[in-house]
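Numbering (my numbering), first residue to last: 51 to 362. From the three backbone atoms N, C-alpha and C, an ideal C-beta is built for every residue, glycine too.
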Amino acid sequence: MVYLKLEENQDKFLQKYQKFPNAMKKILFQSKCRKGKFKIQKMNQLECIYLPIVNQKMFQKLKILSNIRCWNNLCISENLRENTAFLDFAQKNSLRIMDGSWLLKNMVDYVLEYIVEMKSEFMGNQEVSILCHTLDETIAEKIKEISAKVKVCNILTTQTKQFQKLEEEIYQANGVLINVSKNFKKSLNKSSMVVNFDFDKNDLKKCTFTKTEYMIQIHSQNCLHKKDFAGTNIVGFGLDMPEKYKEYQRELEGFSTRILYESFLYKRTSYKNIKKELVEDDAQILYLQDENYKIIKKPNLILPKTLDKIMI
C-alpha cells in the first residue's frame, strides 16, 4: 500500500528547512514544484509520499517510481482525491485508489445493525434483501451472517445456480431458509433494507422497491436518483479509528479515517482473517452517509467536534 498526499503548504512541506529565511524557502519550494520533486517520509512500516504540486513533471517521476516499486494500491489524501489530473494519471497507469468500498463490503452487517438500532427496532424482525450476480467468499460469508440474524433473507440474482450450494449450507447449519429468486418485480416488495453488492443502475431500475427505506450501495456509482428510488442510499460511514492505528491517523492528516482503516486492513487473505481483525479492533461506526454526503446518525448521538468528513 502506497500513501500519497498533496501538501501545498510550503512550511509543512519544507519542515526540515524551518530555520531558512522565508524568501529562501519560497524559492526552494517553487524549485521543487517546477522540477516535480516530492519527499518520502517513513512512519514505522508505512511510507508516505508528499507532493508539493500536481503537474506533468511530477507524473513522470511518480510513474518511474511506481514501475520500480510495482505499485498496485494507493491510499490518497482527500485533496488529491478531488484532483482530476491525478485521478486520470492513476487510471492510465492501472493504479487502484482505495475508496472505502472494500471495507463497506466487509462491514455491511455492521451497517445493517446500525440502521436497525437507529430505528429502535429488533434485528430478528427484519426482512433484508441482497442483490448479487457474482458470488465470492466475502459475499457468501456475509449472507450466512445476515441470514442468521434476520427474520427473512432474500437474494435477487440472475445466477440462481451459484447460490444452490450456499442455500444448502445455511439450511444445514442453522435451519434457516433463504429465498433465492430471479423475480425483479416481487422479490423486494417487503424488504425495508436492501444490500446491493453488484447490481448496476440498469438492473436496479428493473426492481420494485415498495417498502425499502435504506439501500446499502457497496459501489456508490450505482445509486439511483429519487425518481427511481424514494429511499436512502447508504454509500459510506464515519468510523472511530481503532486505538492501535491512531498514531498513523495523526501523522496522515487530511486522509479519510474510513479509507485509512481500509488501507491498514486490506490484504489478500481469507474473509475469516479479515473478520478476526475487525472483531479484535472493535471497529465502531459513528454515523452513516448518503450519496449527497448527508450524515445519518442515531437519535441523540453527539458526534465529536473533530468530525471526519468522509469524501466519497
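Residue burial classification, residue i (beta-carbon count within 10 angstroms, cutoff 16)
| i | result |
| --- | --- |
| Ser179 | buried |
| Tyr298 | buried |
| Leu353 | exposed |
| Gln134 | Reading the sequence as shown, one finds Thr at residue 134 and not Gln. The residue is exposed, with fewer than 16 neighbouring Cβ atoms inside 10 Å. |
| Lys296 | exposed |
| Lys359 | Residue confidence is low: Lys359 scores 48 on pLDDT, short of 50, so the model does not pin down where it sits. No coordinate-derived value is stated. |
| Ile362 | Residue confidence for Ile362 is low, a pLDDT of 37 falling below 50, so the modelled location carries little weight and cannot support an answer. |
| Asn272 | buried |
| Asn246 | buried |
| Arg84 | exposed |
| Tyr311 | buried |
| Cys203 | buried |
| Ile193 | buried |
| Lys82 | buried |
| Ile324 | buried |
| Met74 | exposed |
| Val329 | exposed |
| Ser313 | buried |
| Glu293 | exposed |
| Phe109 | buried |
| Asp138 | exposed |
| Ile189 | buried |
| Ser306 | buried |
| Thr57 | According to the sequence shown, residue 57 is Glu rather than Thr. Counting Cβ neighbours within 10 Å, Glu57 comes out buried, since at least 16 surround it. |
| Gly304 | exposed |
| Ile114 | exposed |
| Asp159 | buried |
| Gly288 | buried |
| Lys276 | exposed |
Integer-rounded CB distance, given that residue j should sit under 8 Å from residue i
| i | j | result |
| --- | --- | --- |
| Leu274 | Thr258 | That belief does not hold up - the Cβ atoms of Leu274 and Thr258 are roughly 12 Å apart, past 8 Å. |
| Thr282 | Asp340 | 5 Å |
| Val166 | Met157 | 15 Å between Cβ atoms; not a contact. |
| Asp149 | Ile346 | Not confirmed; about 19 Å, so no contact. |
| Asp278 | Leu336 | With 8 Å as the limit, Asp278 and Leu336 do not qualify as a contact, their Cβ atoms being about 29 Å apart. |
| Lys201 | Glu177 | 6 Å |
Rounded straight-line distance, which links the Cα of residue j to that of residue i
| i | j | result |
| --- | --- | --- |
| Ile220 | Ile205 | 13 Å |
| Ala140 | Val285 | 23 Å |
| Lys87 | Lys111 | 8 Å |
| Leu181 | Lys66 | 52 Å |
| Thr207 | Ser231 | 6 Å |
| Gln334 | Val161 | 10 Å |
| Leu227 | Leu96 | 45 Å |
| Gln209 | Ala198 | 22 Å |
| Asn105 | Pro71 | 26 Å |
| Phe63 | Pro102 | 7 Å |
| Lys169 | Ser241 | 15 Å |
| Leu124 | Lys255 | 33 Å |
| Lys155 | Glu191 | 11 Å |
| Gln214 | Asp186 | 14 Å |
| Asn175 | Thr184 | 27 Å |
| Gln267 | Asp248 | 9 Å |
| Asn350 | Leu338 | 15 Å |
| Ile126 | Leu216 | 37 Å |
| Lys261 | Lys317 | 37 Å |
| Asn342 | Lys211 | 37 Å |
| Lys55 | Met93 | 14 Å |
| Glu218 | Asn229 | 12 Å |
| Leu145 | Gln91 | 21 Å |
| Thr319 | Lys326 | 11 Å |
| Gln68 | Gln60 | 10 Å |
| Phe136 | Arg119 | 19 Å |
| Leu269 | Lys76 | In the sequence as presented, Leu is not what sits at residue 269; that position holds His. So the two alpha carbons sit approximately 42 Å from each other. |
| Asn252 | Glu132 | 27 Å |
| Ser116 | Glu301 | 23 Å |
| Gly225 | Met243 | 22 Å |
| Leu153 | Leu315 | 8 Å |
| Ile99 | Asn122 | 15 Å |
| Leu130 | Gln222 | 49 Å |
DSSP beta-bridge partners of residue i
| i | result |
| --- | --- |
| Asn246 | Leu181, Gln267 |
| Tyr100 | Lys55, Lys89 |
| Tyr337 | Gly288 |
| Asn252 | Bridge partners of Asn252: none, in fact. |
| Leu124 | Val52, Ile147 |
| Asn229 | Asn204 |
| Ile345 | Gln339 |
query = Which full runs of the beta strand (DSSP E) of 3+ residues lie inside the stretch 138-212, going along the chain?
reply = Runs of the beta strand (DSSP E) inside the stretch 138-212: 177-181, 202-206.
query = Counting only runs that start and end within the stretch 280-324, where is the beta strand (DSSP E) found for 3 or more residues in a row?
reply = Segments of the beta strand (DSSP E) lying fully in the stretch 280-324: 282-290.
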